[in-house]
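First comes the structure, then the notes that go with it.
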Ligand SMILES: [Zn+2]
Ligand SMILES: [Zn+2]
């Protein structure tokens, strides 16, 4: 996943069984648990390297192979290598026919929470940025995998149904936040993230949320430490909102 997010990464994880010809279509399956489908690419003139890719489509929800197969109506081969044209045609279908349907978290309802597939999804979604402090994590160095920490949360499907009751939240963490979270004795990410905020001046509740202007992206769960205020905001604009008593105050 690091090599996918950062093409200049020294990691070369791709296993390719055969020579790649100009115009070949490559489908990348990640050896996560369960296996997931990442992207489809069209190979250009230079082969065996990402530099030779002319077009690519990424499935940002990183669907499991099972979900992908249900969409394609054909089995994904377990070994890397060339496939029949007929099968290849079916395998490209999910990339073009409503790939957004993979974003529906209910398709992952049966999946376990703390899997390498869940970690890979978190990393892909974060695009290499720390969920806590927002800093971009340097993925170019050879030690990148030691500087990026993935925190998976108990079935993140629940967050979509009712995020008010979320107890934890999946996160990608930079080294500094990972250390701070461990040394601070935080066992879950939400407690750590809320610790960035001031406590409520009225009721002293500690889970206060930062206000943000604008509408939330309908396809994204709203992080529980923020409150989107929409586009019409009263003056003065509140900076913080108390989750306990509802008090709003400016920064
Ligand atoms: Zn951080
Ligand atoms: Zn309060």
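Residue numbers (my numbering): 2 to 252. All C-beta atoms in this analysis are idealised placements derived from N, C-alpha and C, irrespective of residue type, glycine included.
Cβ-heavy atom distance, residue i to ligand 4, below 6 Å
{"i": "residue 243", "result": "Absent from the structure shown: ligand 4. Ligands present: ligand 1 and ligand 2."}
DSSP state of residue i mapped onto helix, strand, coil
{"i": "residue 40", "result": "strand"}
{"i": "residue 180", "result": "helix"}
{"i": "residue 227", "result": "strand"}
{"i": "residue 94", "result": "helix"}
{"i": "residue 145", "result": "helix"}
{"i": "residue 127", "result": "helix"}
{"i": "residue 19", "result": "coil"}
{"i": "residue 212", "result": "strand"}
{"i": "residue 72", "result": "helix"}
{"i": "residue 151", "result": "strand"}
{"i": "residue 65", "result": "strand"}
{"i": "residue 249", "result": "strand"}
C-beta atoms of residue i and residue j nearer than 7 Å
{"i": "residue 64", "j": "residue 38", "result": "yes"}
{"i": "residue 56", "j": "residue 43", "result": "yes"}
{"i": "residue 178", "j": "residue 133", "result": "yes"}
{"i": "residue 116", "j": "residue 34", "result": "yes"}
{"i": "residue 17", "j": "residue 140", "result": "no"}
{"i": "residue 100", "j": "residue 60", "result": "yes"}
{"i": "residue 229", "j": "residue 237", "result": "no"}
{"i": "residue 73", "j": "residue 91", "result": "yes"}
N-terminal and C-terminal residue of the alpha helix (DSSP H) that residue i is part of
{"i": "residue 30", "result": "That residue, residue 30, is in no alpha helix (DSSP H); its beta strand (DSSP E) goes 26-31."}
{"i": "residue 4", "result": "3-6"}
Run of the beta strand (DSSP E) containing residue i, from where it starts to where it stops
{"i": "residue 54", "result": "54-59"}
{"i": "residue 174", "result": "172-175"}
{"i": "residue 242", "result": "241-243"}
C-beta neighbour in chain C for residue i, strict 7 Å
{"i": "residue 149", "result": "Of the protein chains in the structure, only one exists, and it is not chain C."}
Task: Touch test, the region 200-213 against the region 182-189, Cβ-Cβ under 8 Å, three pairs minimum - done: In short, these stretches do not touch, since the Cβ pair count stays below three.
Open item on the list: Tell me which residues pass a beta-carbon proximity test against ligand 1: closer than 6 Å to any heavy atom, given in chain order.
Closed with: Having a Cβ closer than 6 Å to some heavy atom of ligand 1 are 131, 133, 134, 136, 174, 175, 177, 178.
TODO: Could you tell me whether the region 241-249 touches the region 197-208, where touching means 3 or more Cβ pairs closer than 8 Å?
DONE: Counting Cβ pairs under 8 Å, three or more are found: they touch.
Open item on the list: Three Cβ pairs or more, each shorter than 8 Å: is that satisfied between the region 117-132 and the region 80-87?
Closed with: Under the three-pair Cβ rule at 8 Å, the region 117-132 does not count as touching the region 80-87.
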